[in-house]
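A.B. asks:
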Amino acid sequence: MEGGYKIRERNLTVEMPAEIDHHSAQHITSNIDYLIEANGIRSIVFDFNRTSFMDSSGIGILLGRYKKMNYAGGKVMVIRANPSIRKILTFSGVTKIMDVYEGLPEQSDRI
Amino acid sequence: MEGGYKIRERNLTVEMPAEIDHHSAQHITSNIDYLIEANGIRSIVFDFNRTSFMDSSGIGILLGRYKKMNYAGGKVMVIRANPSIRKILTFSGVTKIMDVYEGLPEQSDRI
Amino acid sequence: MGISNEMRLEFDSRSCNEGFARVSVAAFMTQLNPTLEEVADVKTALSEAVTNSIVHGYEGAIEKIVVECRIEDDTFCVDVTDHGIGIENIEQAMEPLFTTKPDSERSGMGFAFMEAFMDSIEVTSKPNEGTKVSMKKKIGCGKSKFER
Amino acid sequence: MGISNEMRLEFDSRSCNEGFARVSVAAFMTQLNPTLEEVADVKTALSEAVTNSIVHGYEGAIEKIVVECRIEDDTFCVDVTDHGIGIENIEQAMEPLFTTKPDSERSGMGFAFMEAFMDSIEVTSKPNEGTKVSMKKKIGCGKSKFER
Ligand SMILES: Nc1ncnc2c1ncn2[C@@H]1O[C@H](COP(=O)(O)OP(=O)(O)O)[C@@H](O)[C@H]1O
Ligand SMILES: Nc1ncnc2c1ncn2[C@@H]1O[C@H](COP(=O)(O)OP(=O)(O)O)[C@@H](O)[C@H]1O
Chain Y
1 MEGGYKIRER NLTVEMPAEI DHHSAQHITS NIDYLIEANG IRSIVFDFNR TSFMDSSGIG
61 ILLGRYKKMN YAGGKVMVIR ANPSIRKILT FSGVTKIMDV YEGLPEQSDR I
Chain G
1 MEGGYKIRER NLTVEMPAEI DHHSAQHITS NIDYLIEANG IRSIVFDFNR TSFMDSSGIG
61 ILLGRYKKMN YAGGKVMVIR ANPSIRKILT FSGVTKIMDV YEGLPEQSDR I
Chain S
1 MGISNEMRLE FDSRSCNEGF ARVSVAAFMT QLNPTLEEVA DVKTALSEAV TNSIVHGYEG
61 AIEKIVVECR IEDDTFCVDV TDHGIGIENI EQAMEPLFTT KPDSERSGMG FAFMEAFMDS
121 IEVTSKPNEG TKVSMKKKIG CGKSKFER
Chain L
1 MGISNEMRLE FDSRSCNEGF ARVSVAAFMT QLNPTLEEVA DVKTALSEAV TNSIVHGYEG
61 AIEKIVVECR IEDDTFCVDV TDHGIGIENI EQAMEPLFTT KPDSERSGMG FAFMEAFMDS
121 IEVTSKPNEG TKVSMKKKIG CGKSKFER
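Protein chains in written order, with the UniProt record's numbering: chain Y, 1 to 111; chain G, 1 to 111; chain S, 1 to 148; chain L, 1 to 148.
1) Determine the contact status of serine 15 of chain L and aspartate 79 of chain L, defining contact as a CB-CB distance below 8 Å.
2) Determine the chain S residues that contact alanine 25 of chain Y at a beta-carbon separation under 8 Å, and present them in chain order.
3) Going by other Cβ atoms of all chains shown within 10 Å of its Cβ, with 16 needed for buried, is asparagine 17 of chain L buried or exposed?
4) Taking all protein chains shown into account, decide if serine 144 of chain L is buried (16 or more other Cβ within 10 angstroms of its Cβ) or exposed.
5) Roughly how many angstroms lie between the CA atoms of threonine 95 of chain Y and valine 76 of chain G, to the nearest whole one?
6) Output yes or no for whether 8 Å exceeds the beta carbon distance between glutamate 59 of chain S and histidine 83 of chain S.
7) Do glutamate 15 of chain G and glycine 4 of chain G come within 8 Å of each other at the CB atom, strictly closer than that value?
8) Measuring only the C-alpha atoms, how far is cysteine 69 of chain S from arginine 8 of chain S?
9) Starting from leucine 89 of chain G, trace the alpha helix (DSSP H) both ways and give me its first and last residue.
10) So is glycine 93 of chain G buried or exposed if we call it buried at 16+ other beta carbons inside 10 Å?
11) In terms of residues, what are the limits of the alpha helix (DSSP H) holding tyrosine 34 of chain G?
12) Assuming residue 153 of chain S and serine 53 of chain S are in contact, meaning their beta carbons sit under 8 Å apart, how far apart are those beta carbons, in whole angstroms?
13) Please go through the same chain and pick out, in chain order, the residues whose beta-carbon is closer than 6 Å to the beta-carbon of cysteine 77 of chain L, but skip the five residues on each side of it.
14) Could one say the Cβ of serine 15 of chain S lies closer than 8 Å to chain Y's Cβ atoms, at least one of them?
15) Any heavy atom of ligand 2 closer than 7 Å to the beta-carbon of asparagine 52 of chain L?
16) Isoleucine 85 of chain G and phenylalanine 46 of chain G look like a contact to me (Cβ under 8 Å); what is the Cβ gap, rounded to whole Å?
17) Under the assumption that phenylalanine 113 of chain L contacts aspartate 21 of chain G (Cβ atoms under 8 Å), give the Cβ distance between them as a whole number of angstroms.
18) State the beta-bridge partners of aspartate 79 of chain L as determined by DSSP.
19) Quick one: which residues of the segment 19-32 of chain L get their C-beta closer than 8 Å to a C-beta of chain S? List them in chain order.
20) Within the 8 Å Cβ cut-off, does alanine 49 of chain L reach chain G?
21) Consider the C-beta atom of isoleucine 7 of chain G and the heavy atoms of ligand 1; say whether any pair is separated by less than 7 Å.
22) Which whole-angstrom value describes the C-beta separation of glutamate 105 of chain L and glycine 58 of chain G, a residue pair presumed to lie in contact below a C-beta threshold of 8 Å?
23) Going along the chain, which residues of its own chain have a beta-carbon closer than 7 Å to the beta-carbon of isoleucine 97 of chain Y, five neighbours each way excluded?
24) Mind listing the chain S neighbours of glutamate 8 of chain L? Cutoff is C-beta to C-beta under 7 Å, in chain order.
25) Out of L:Met94, L:Asp103, L:Ile139, which has the shortest C-alpha to C-alpha gap to glutamate 48 of chain L?
26) Against chain G, with Cβ distances strictly below 8 Å, would alanine 93 of chain L count as a contact?
27) Would you please state the rounded distance, in angstroms, between the beta carbons of alanine 21 of chain L and phenylalanine 117 of chain L? I believe it to be under 8 Å.
28) Closer than 7 Å: is that where the CB of glutamate 48 of chain L sits relative to any heavy atom of ligand 2?
29) Suppose contacts are defined by Cβ-Cβ distances below 8 Å. Is isoleucine 79 of chain Y in contact with leucine 35 of chain Y by that definition?
30) Any idea if serine 30 of chain Y is buried or exposed, counting beta-carbon neighbours within 10 angstroms, 16 or more meaning buried?
31) Verify the CB distance criterion: does methionine 90 of chain G have a CB-CB separation below 8 Å to chain L?
32) Run through DSSP, which three-state label would lysine 75 of chain G get?
33) Quick check on this structure: which residue in S:Asp119, S:His56, S:Thr51 has the alpha carbon closest to the alpha carbon of threonine 100 of chain S?
34) Exposed or buried, which one is leucine 62 of chain Y when buried takes at least 16 other CB atoms within 10 Å?
35) Going by alpha carbons, who is nearest to serine 4 of chain L out of L:Asp74, L:Pro102, L:Glu91, L:Asn89?
36) Please classify tyrosine 106 of chain Y as buried or exposed, where buried requires at least 16 other C-beta atoms within 10 Å of its C-beta.
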């Protein structure tokens, strides 16, 4: 399993892999959904620090998890997205419905 | 033109490119042979510092220049060859006929 | 100058080949001295088309996908072909957010990404025969190419 | 398990495609979790075979070269085929230092490199019909493979 998962209280932080495509997305999605169920997760932080490639499969992961969290009154956030990832997040409209940070949230560089 | 060429007196130092194959070898060979002619070069140092890939085309460059220099009483030397390049130099017998250094010649780590 | 270089890549419709296809196409494209952004754009568009052949065209069955690349002057052309189920209504399929697989995490943005990141896209398809997606992108906008 | 994944790459016999072919094959090979040394060995052997098709098979003319890769359990198989001039005497061609192009900087070590860096090599050729070089290498020596 590529990438890492950290849980603190009911928050899940997902370290996204280097390449997010349909292949890697299948694994990430099933891992996250298992962890949400098992730990009553209420908010998710997607950390794109190591990610250099993403296609629309990544958007599928984000929107799917957003719906789940939103339904339960929780939140989803994206951090440390590089310019090429931000281009894709912006184009897909993801930036309109969830908080996306270039760095860490404290640096308040929300785009 | 990839790689660099430095001339001091009648010595030529050739900075070899990242990948030495038949494609890049064609250019390197014609550049070196031109410089040999134009400057009366007597010795050549091949610097493999930036080189991560080499096939037998690289051996062709070395042996061809060795013959030229040897004929004129000059010398040929290889410096800063990484383990994968050294494997190829050793296998091809090049290490038996010319000096090959892992680092710079002062460090006297001739293999 | 006409067509100056071309390649054809055929591989199994396994999701583990998606990354390999992107690397191959990006490596072939380097001859045009593209910017990193241009390479990323082409990789994204290619990834969408290849994923669609795997997910929609063959619906998970293991068959062949063909990727053909041509360099025509400063234009990079890439065609992705499958012999899968094909598309009934191409216009509808290309509408943003339209997807026939909403439950398998498809966002319906594949074609929109291809259109956004390439200069042109042409889709030909026939139900039960397969689908061909042809995309083009001009590289370098007049910047000099050179043979090293 | 039988053949578990395969690809076929066809490209113009231009020397600028040598690097692209190496990158493609190396990317396809990563599924076997090879060591860096194993990747380097396969790249070198592939480069020799592709170069031979360009230099000897087609003697500089632009025709097609085909590279086929298969993963059979933990063995990586790669075939390089051209439809060029072919080899009259295969045994002699494979002798170390034998070359028919000494003046164009060929060292005559191509086949020796392929033999050294792969586990096995088989050459079939017919004058005026072409040449096929089939090479195999076991990867990982029993180390675990995993699908990520
Ligand atoms: N190669 C293909 N074969 C069959 N149907 C396809 C193919 N590519 C796309 N489609 C159809 O077009 C629809 C829209 O595709 P796309 O915009 O990429 O979104 P998504 O892949 O997220 O569904 C798909 O849901 C599918 O019905
Ligand atoms: N694909 C090929 N088509 C025709 N002849 C070939 C081919 N590959 C090899 N040969 C012949 O075999 C000889 C030896 O090849 P090799 O060991 O690779 O050395 P080199 O390429 O340096 O000549 C070549 O000089 C050539 O005559």
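No residue lacks a Cβ here, since even glycine has one placed at the ideal position from N, Cα and C.
Computed from a predicted structure; not experimentally measured.
C.D. replies: Here's the rundown:
1) no
2) Glu105
3) buried
4) Any reading at serine 144 of chain L needs caution, since the residue's pLDDT is 33, under 50, leaving its predicted position unreliable; the model's value is listed next. It is exposed - the Cβ of serine 144 of chain L has fewer than 16 other Cβ atoms within 10 Å.
5) Going by the C-alpha atoms only, they are around 60 Å apart.
6) No.
7) yes
8) Rounded to whole angstroms, cysteine 69 of chain S to arginine 8 of chain S spans 6 Å at the Cα level.
9) 83-91
10) It is exposed - the Cβ of glycine 93 of chain G has fewer than 16 other Cβ atoms within 10 Å.
11) 22-39
12) This structure gives no information on residue 153 of chain S, because the portion of chain S shown stretches from 1 to 148.
13) Arg70, Lys136
14) yes
15) yes
16) Between phenylalanine 46 of chain G and isoleucine 85 of chain G the Cβ distance is about 10 Å, and since that is not below 8 Å, they are no contact.
17) Not a contact, Cβ separation roughly 12 Å.
18) Answer by DSSP bridge pairing, in chain order: L:Glu68, L:Ser134.
19) Gly19, Phe20, Val23, Ser24, Ala27, Phe28, Thr30, Gln31
20) no
21) Answer for isoleucine 7 of chain G: no, Cβ out of range of ligand 1.
22) Not confirmed; about 10 Å, so no contact.
23) Counting only Cβ-Cβ distances below 7 Å, and skipping sequence neighbours, we find Tyr66.
24) One detail in the question is off: residue 8 of chain L reads as arginine in this sequence, not glutamate. Ordered by position in chain S, the residues that pass the 7 Å Cβ test against arginine 8 of chain L are Glu10.
25) Of all alpha-carbon atoms in L:Met94, L:Asp103, L:Ile139, the one lying nearest the alpha-carbon of glutamate 48 of chain L is that of L:Met94.
26) no
27) That belief does not hold up - the Cβ atoms of alanine 21 of chain L and phenylalanine 117 of chain L are roughly 16 Å apart, past 8 Å.
28) yes
29) The answer is no: Cβ separation not under 8 Å.
30) exposed
31) First, the residue type needs correcting, since residue 90 of chain G is threonine and not methionine in the sequence shown. Not closer than 8 Å to any Cβ of chain L, the Cβ of threonine 90 of chain G fails to qualify, so no.
32) strand
33) S:His56
34) buried
35) With distances taken between CA atoms, serine 4 of chain L lies nearest to L:Asp74 out of L:Asp74, L:Pro102, L:Glu91, L:Asn89.
36) The question names tyrosine, but residue 106 of chain Y in the sequence shown is glutamate. Glutamate 106 of chain Y comes out exposed.
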